[in-house]
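Chemist:
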Amino acid sequence: MSATTTAQRSDQPGRIMSGEMAEQPAVLRRILDQGAPRIREVAERIAARNPRFVLLTARGTSDNAALYAKYLLEVLLGKPCGLTSMSTTTAYGAQPDLTDVLVITVSQSGGSPDLVASTEAARAAGAITLAVTNNPDSPLAAVSEFHIDVLAGPEKALPATKTYTAELLALYLFVEGLRGGDGAAAKVLPDLAQQILDRQDEVRQLAARYRFAERMVLTSRGYGYPTAKEAALKLMETSYIPALSYSGADLLHGPLAMVDNISPVIAIVTEGKGGQALQPVLERLRGRGADLVVIGGASEVERASAGFALPTDGVAEELQPILEILPLQMLAYEVTIARGQDPDAPRALAKVTETR
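Start counting the sequence shown at 1; every next residue gets the next number (the UniProt record's numbering).
Encoded structure:
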């Protein structure tokens with residue numbers, strides 16, 4: 001059964017999340033067809049200001065999208081880049097000199113008070129401010145000098161799915177625009193995303209295997225690391241399974257000791273330099289008898305206990321995270337359904353989290 005078919009079962013728990021996952025190919029196509037010109041215009045205007053370095057500000061799912069942008073900016077553009085600690089300004093009242101610094105704030109809703117306050121403070125401190133949101137009428141968009149609308153449409157399920165992949169693509173196109181690229185390599189994504197979403201039966205089999213897991217570990221390196229973090233967040237907020245995410249390098253610096261042959265380890269093996277850097281980690285995991293699940297190329301999946309082979313032949317490494325997260329979103333959904341819970345409405349959570 002495809003994601004689209006599942007979305008049509010209106011009596012099923014999780015139907016909203018399922019429906020929004022199914023929208024992702026259309027959202028990606030909308031960004032490429034309608035959003036790309038505006039994103040390129042914003043990128044050209046900011047590139048003309050020649051920012052000396054970049055700071056990224058976000059929370060939750062958008063924080064993982066910001067981490068992806070950090071890799072893009074550092075690898076493709078060579079710009080020094082960091083993730084901000086908002087409390088330095090919102091709680092401690094620090095006043096850094098941000099003259100000629102590009103501050104990018106990523107937020108689905110654009111409504112969290114700390115994001116708005118830190119962006120206001122950054123602009124007052126001389127920064128070039130850019131908001132990347134799914135709401136052009138949000139307070140964050142209003143206080144930012146520039147804005148990019150990710151065009152995902154209303155997202156009603158508490159777990160963010162389509163807004164995450166929309167943020168990734170919008171940020172990719174923005175960085176491409178900063179370096180004078182046209183982003184044409186991304187045109188393959190909508191069709192490939194649909195191919196992945198149509199393989200929900202494979203993901204359901206994985207979910208049956210791991211529905212009783214008491215803990216999961218996720219790992220990757222390079223561009224795949226934000227995917228590991230986002231997948232862990234999705235699993236925790238929907239199924240309530242403790243899911244720990246580590247860079248492969250960090251996993252070897254201590255946490256590897258907790259890996260056994262019971263708790264599954266999900267490795268996101270991006271085809272490219274990130275996947276190559278992860279190989280020593282995979283060997284150590286196999287050596288410990290880990291129940292290793294691989295999301296990546298077919299050859300890597302064949303060497304694992306289980307996995308999901310991605311159609312990434314010829315897809316640039318920096319674009320693969322937009323595809324990698326899709327089977328992991330479906331896994332979080334299917335595990336949650338298998339455990340008798342409703343992924344649309346995780347306990348104790350609100351769609352807009354108003355941190356300060």
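We put the beta carbon where it would ideally sit given N, CA and C, even for glycine.
#1: In angstroms with no decimal places, state the Cα-to-Cα distance between residue 267 and residue 336.
#2: Look at the alpha carbon of residue 117 and the alpha carbon of residue 48, and state the distance between them as a whole number of angstroms.
#3: Take residue 1 and list the residues in its own chain whose beta-carbon comes closer than 7 Å to its own, dropping the five residues that flank it on each side.
#4: Starting from the N-terminal side, write out each stretch of the beta strand (DSSP E) that is 3 residues or longer and does not extend beyond the UniProt domain "SIS" (206 to 346).
#5: Mapping DSSP to helix, strand and coil, what is residue 165?
#6: Which class does residue 131 belong to by DSSP, given the choice of helix, strand or coil?
#7: Using the three-state DSSP reduction, which class does residue 188 fall into: helix, strand or coil?
#8: Under three-state DSSP, which class holds residue 149?
#9: Just reading off the beta strand (DSSP E) that residue 99 is part of, what are its end residues?
#10: By a C-beta neighbour count over all protein chains shown, 10 Å radius and 16 as the cutoff for buried, is residue 104 buried or exposed?
#11: Report yes if the CB atom of residue 230 is closer than 8 Å to the CB atom of residue 274, and no otherwise.
#12: If we count Cβ pairs, one from each stretch, closer than 8 Å, do we get three or more for the region 292 to 299 versus the region 117 to 134?
#13: Check the C-beta distance from residue 197 over to residue 326 and give it rounded, since I have them as a contact under 8 Å.
#14: Three Cβ pairs or more, each shorter than 8 Å: is that satisfied between the region 150 to 165 and the region 28 to 39?
#15: Assign residue 262 to one of two classes, buried (16 or more other C-beta atoms within 10 Å of its C-beta) or exposed (fewer than that).
#16: Helix, strand or coil: which one does DSSP assign to residue 55?
#17: For residue 252 versus residue 288, is the C-beta spacing smaller than 8 Å?
#18: Tell me the DSSP bridge mates of residue 83?
Modeler: This is what the structure gives:
#1: C-alpha separation (whole angstroms): 20 Å.
#2: So the alpha carbons of these two residues sit roughly 26 Å apart.
#3: Reliability fails at residue 1, whose pLDDT of 41 lies under 50, so the model's placement of it is uncertain and no value is given.
#4: Counting whole runs of 3 or more residues, the UniProt domain "SIS" (206 to 346) contains the beta strand (DSSP E) stretches 216 to 220, 243 to 247, 264 to 269, 291 to 296, 306 to 309.
#5: In the structure shown, residue 165 adopts helical secondary structure according to DSSP, grouped into three states.
#6: Three-state result, residue 131: strand.
#7: It is helical.
#8: In this structure, residue 149 counts as strand in the three-state DSSP scheme.
#9: No beta strand (DSSP E) holds residue 99; DSSP gives it neither H nor E.
#10: Residue 104 counts as buried, since at least 16 other C-beta atoms from the protein chains shown sit within 10 angstroms of its C-beta.
#11: In this structure, residue 274 does not lie closer than 8 Å to residue 230 by Cβ.
#12: Output reads no: the region 117 to 134 does not touch the region 292 to 299.
#13: That belief holds up - the Cβ atoms of residue 197 and residue 326 are roughly 6 Å apart, short of 8 Å.
#14: The way I'd put it, the region 150 to 165 does touch the region 28 to 39; three or more beta-carbon pairs between them come closer than 8 Å.
#15: With fewer than 16 other Cβ atoms within 10 Å, it is exposed.
#16: DSSP places residue 55 in strand when its eight states are reduced to three.
#17: In this structure, residue 288 does not lie closer than 8 Å to residue 252 by Cβ.
#18: Paired residue(s): 56.
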